[in-house]
Amino acid sequence: MTAMLPTPVLAVIALFCMGIPAVFAAPPSCFPPVEIGRAKIVRVEHDGVLVLDDGRAARLEGLILPAGASDHAPDFYADQAIDRLGELATGHRLILAAESPKEDRYGRLRAQAFLNGDSGGRWLQRVLLEEGLARVSVAPDRNECAGELFAAERRARSARTGIWSDEAYHVRGPTGLINAIGTFQIVEGTIEDVTGASGHVFLEFGHDRRKDFAVVISGDDLKNFRAIGVEPFSYKGQAVRVRGWIDRMRRPEMEIATPANIEVMETPELRGSIATQR
Numbered sequence: 076m077t078a079m080l081p082t083p084v085l086a087v088i089a090l091f092c093m094g095i096p097a098v099f100a101a102p103p104s105c106f107p108p109v110e111i112g113r114a115k116i117v118r119v120e121h122d123g124v125l126v127l128d129d130g131r132a133a134r135l136e137g138l139i140l141p142a143g144a145s146d147h148a149p150d151f152y153a154d155q156a157i158d159r160l161g162e163l164a165t166g167h168r169l170i171l172a173a174e175s176p177k178e179d180r181y182g183r184l185r186a187q188a189f190l191n192g193d194s195g196g197r198w199l200q201r202v203l204l205e206e207g208l209a210r211v212s213v214a215p216d217r218n219e220c221a222g223e224l225f226a227a228e229r230r231a232r233s234a235r236t237g238i239w240s241d242e243a244y245h246v247r248g249p250t251g252l253i254n255a256i257g258t259f260q261i262v263e264g265t266i267e268d269v270t271g272a273s274g275h276v277f278l279e280f281g282h283d284r285r286k287d288f289a290v291v292i293s294g295d296d297l298k299n300f301r302a303i304g305v306e307p308f309s310y311k312g313q314a315v316r317v318r319g320w321i322d323r324m325r326r327p328e329m330e331i332a333t334p335a336n337i338e339v340m341e342t343p344e345l346r347g348s349i350a351t352q353r
């Protein structure tokens, strides 16, 4: 029987076959399949989109860049993030990896991006997160490398690097979120109750359902939770960290479509899940 080669070894072989020297570092083992082995980046747009020399475009999957005034924050961090991404990517050839669905609605490749070099490889998402120039935002249909991305963000947050030194990007408590409407936020607190209405599930962070912050899971998105064995009603009593856009119906709410964006901070574990301390 022929022994199976480890994933990192297979990645190196695949890159070598694409003409990428195997002496360079291979992408992390969590990467999806390589879509473009030698993507020449000619420029980085102001929104962080990478433009290739053949006219195609790609955006970095799994994170959100700072947006200045739209974040109720100084433009400095947004400018710094784009400058750093330009420094890492422009004029270089990147490995772009993607899995289905590979493109966004604008036809741009949703990519994990890796830059090889004589001193080793650089995973662009991890560099930006570790330097405090981005936050993790996992899409419900693409959750590859989520654990690695959260770890990189956590290191920067603990060190108060980059955006984490600014109050606009601090992890928020579940109160006083009216002034955060329309912004992407990370909110930490205890889920006091879990309720259901009109096919939706509400993770309640307070006792007043008219004004206290809640996370909303739509009926369509419940399948993303239950598909991996997470029962949303078992979040009751859990201390969690949630991330997403703050909206307002009668009160501040955050709609979440994937359990990847709900970090359980302490045990006990959720029924049927593999919740871990983050």
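Numbering follows the working numbering, with no gaps: position 199 of the sequence shown is 274.
Ideal Cβ positions, reconstructed from N, Cα and C, are used throughout, including at glycine.
Per DSSP, E223 is one residue of the alpha helix (DSSP H) stretching across A221 to A234.
In the three-state reduction of the DSSP assignment, D122 falls in the coil class, being assigned neither a helical nor a strand state. Looking at the DSSP output, A133 sits in a beta bridge with L125 and L184. DSSP lists E279 and E328 as the beta-bridge partner residues of A289. A distance below 7 Å between beta-carbons, with the five flanking residues on each side excluded, links G274 to the following residues of its chain, in chain order: G294. Here DSSP, grouped into helix, strand and coil, assigns F300 to helix.
Looking at R118, T236 and G137, the one whose alpha-carbon comes closest to that of D128 is R118. Residue pairing by DSSP places E178 opposite L184 in a beta bridge.
If you draw a straight line from the Cα of F151 to the Cα of G143, it comes to about 7 Å. Contact between E205 and A231 holds: CB atoms are separated by about 5 Å, below the 8 Å threshold. Rounded to whole angstroms, the separation of the alpha carbons of A156 and R316 is 24 Å.
Rounded to the nearest angstrom, the gap between the Cα atoms of H121 and L278 is 36 Å. A buried status is given to F280, since no fewer than 16 other beta-carbon atoms sit within 10 Å of its beta-carbon. Residue pairing by DSSP places V117 in no beta bridge whatsoever. With a beta-carbon spacing of about 5 Å, V305 and P334 fall inside the 8 Å limit used to define contacts. Taking the Cα positions, A214 is about 24 Å away from A114.
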